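**Q**
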Amino acid sequence: MRGAFVHNAFLRGPKFSEPWTMFREAAGRAGIEMTAATSADMALPIGDGGSLRRILGDPDFVIFWDKDVRCAANLELCGMLVMDSSECIAACDDKSLTHLALARAGVPSIETIACPLSFDDYDDTSFLDAAESRFGYPIVVKDCFGSFGEQVHLARNRDDLEALVSGPYRPRILQRFADCGGRDVRVEVVGGRAVAAMARAAPEGDFRSNATIGGSIEAHEPTAEESELAIRACEAVGADFAGVDILVSDGRPVVCEVNSSAHMLNLRNCTGIDVSDIILEHAMRRARR
7 MRGAFVHNAF LRGPKFSEPW TMFREAAGRA GIEMTAATSA DMALPIGDGG
57 SLRRILGDPD FVIFWDKDVR CAANLELCGM LVMDSSECIA ACDDKSLTHL
107 ALARAGVPSI ETIACPLSFD DYDDTSFLDA AESRFGYPIV VKDCFGSFGE
157 QVHLARNRDD LEALVSGPYR PRILQRFADC GGRDVRVEVV GGRAVAAMAR
207 AAPEGDFRSN ATIGGSIEAH EPTAEESELA IRACEAVGAD FAGVDILVSD
257 GRPVVCEVNS SAHMLNLRNC TGIDVSDIIL EHAMRRARR
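Using my numbering, the first residue of the sequence shown is number 7, and each one after it goes up by one.
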């Protein structure tokens with residue numbers, strides 16, 4: 007069986023090379039011939055399946071480790087089995103679409119308001135009144151597109167809120183702040199099963215638990231409720247595999263985010279579970295159907 011791994015051409019450095027290294031080693035253990043290519047390698051005419059297959063080695067499946075929805079969709083157009091799908095990637099990459107998908111499926115998530123579309127700076131911010139009266143302060147402000155917690159901010163008053171949405175327009179969401187002590191749980195789901203989890207805690211003085219910005223991690227045995235919630239979240243966005251972030255809000259667990267290409271090294275380091283092996287097993291099962 008042959009597989010292909012697609013990653014972004016312009017994200018470089020150790021953190022972004024880790025996934026391919028892990029999948030390459032997992033492919034060796036599984037006896038799979040695995041080829042890697044970048045999104046730039048496949049900047050070809052839409053529908054040119056012959057050229058794409060030559061670049062990727064005519065794979066039985068493609069592990070798509072990027073957010074280039076158009077590239078993934080072109081691979082699908084050319085008849086390739088792509089995981090995660092372009093529709094899933096789109097739903098996970100845009101946080102407003104994530105929460106729309108979760109709400110559509112009835113999956114409990116953090117209460118969220120999508121900021122209205124503008125084609126320039128906001129010249130009227132009265133729409134913030136609804137979030138202010140509904141959520142109170144603080145309010146979490148997130149760019150719809152972002153990773154590693156770097157585009158997540160906390161507005162403690164109206165001045166903060168105005169400042170965070172001012173300037174050139176970017177798609178954003180506003181969320182109710184969950185007073186969970188800066189702690190959450192990431193549950194990795196593959197093929198409809200919760201296969202590993204870790205608990206994360208924010209560094210002192212921060213509310214974001216991402217390890218990349220200094221959060222601490224430890225192995226976690228997910229509860230039945232956490233596992234079920236993570237699986238339902240993946241079903242809602244159509245994910246073959248994803249890392250689902252769960253936190254406690256108003257005394258109940260809710261989904262915060264669904265990450266379609268969640269980095270796996272920290273999870274392996276603290277749990278001993280290499281999710282790349284499990285993902286490849288799932289990919290082979292799907293390819294054989």
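Ideal Cβ placement from N, Cα and C applies to all residues, glycine included.
Computed from a prediction, not measured in an experiment: that's the story for all the values here.
Near Ala225, what residues of its chain come up, given a Cβ to Cβ distance below 7 Å and the 5 sequence neighbours on each side ignored?
**A** Met204, Cys276, Thr277
**Q** For the pair the stretch 7-14 and the stretch 37-48, tell me if three or more CB-CB distances fall below 8 Å.
**A** Yes, the stretch 7-14 is in contact with the stretch 37-48.
**Q** What number of angstroms, rounded off, separates the C-alpha of Leu180 from the C-alpha of His159?
**A** 10 Å
**Q** When the distance is taken between beta carbons, is Cys94 closer than 8 Å to Ala208?
**A** Between Ala208 and Cys94, the CB-CB gap reaches or exceeds 8 Å.
**Q** Just verifying my parser: in three-state terms, what is the DSSP assignment at Met290?
**A** helix
**Q** Let me check understanding here. Comparing Cα to Cα, which of Ser139, Phe29, Asp190, Ala43 lies closest to Asn14?
**A** Residue Ala43 is the option with its Cα nearest to Asn14.
**Q** Which residue wins for smallest C-alpha separation from Asp126, given the options Gly173, Leu271, Phe16?
**A** Gly173
**Q** Contact defined as beta carbons within less than 8 Å: I believe His288 pairs with Val193. What is the distance between those atoms, to the nearest angstrom?
**A** Not quite, the Cβ-Cβ distance comes to about 16 Å (not below 8 Å), so this is no contact.
**Q** With DSSP collapsed to three states, give me the class of Ile52.
**A** Here Ile52 sits in coil by DSSP.
**Q** Give the straight-line distance between the Cα atoms of Ser115 and Asp190, rounded to the nearest whole angstrom.
**A** Near 13 Å, if we compare the C-alpha coordinates of Asp190 and Ser115.
**Q** Cutting at 6 Å between CB atoms, please list the residues of its own chain near Ile119, excluding the five before and the five after it.
**A** Sequence-distant Cβ neighbours of Ile119 in its own chain, meaning closer than 6 Å and more than five residues away, are Ala137, Leu180.
**Q** Beta-carbon separation of Pro65 and Met89 under 8 Å?
**A** no
**Q** Compare the Cα-Cα distances from Val12 to each of Asp72, Gly19, Thr27, Asp251 and report the closest residue.
**A** Asp72
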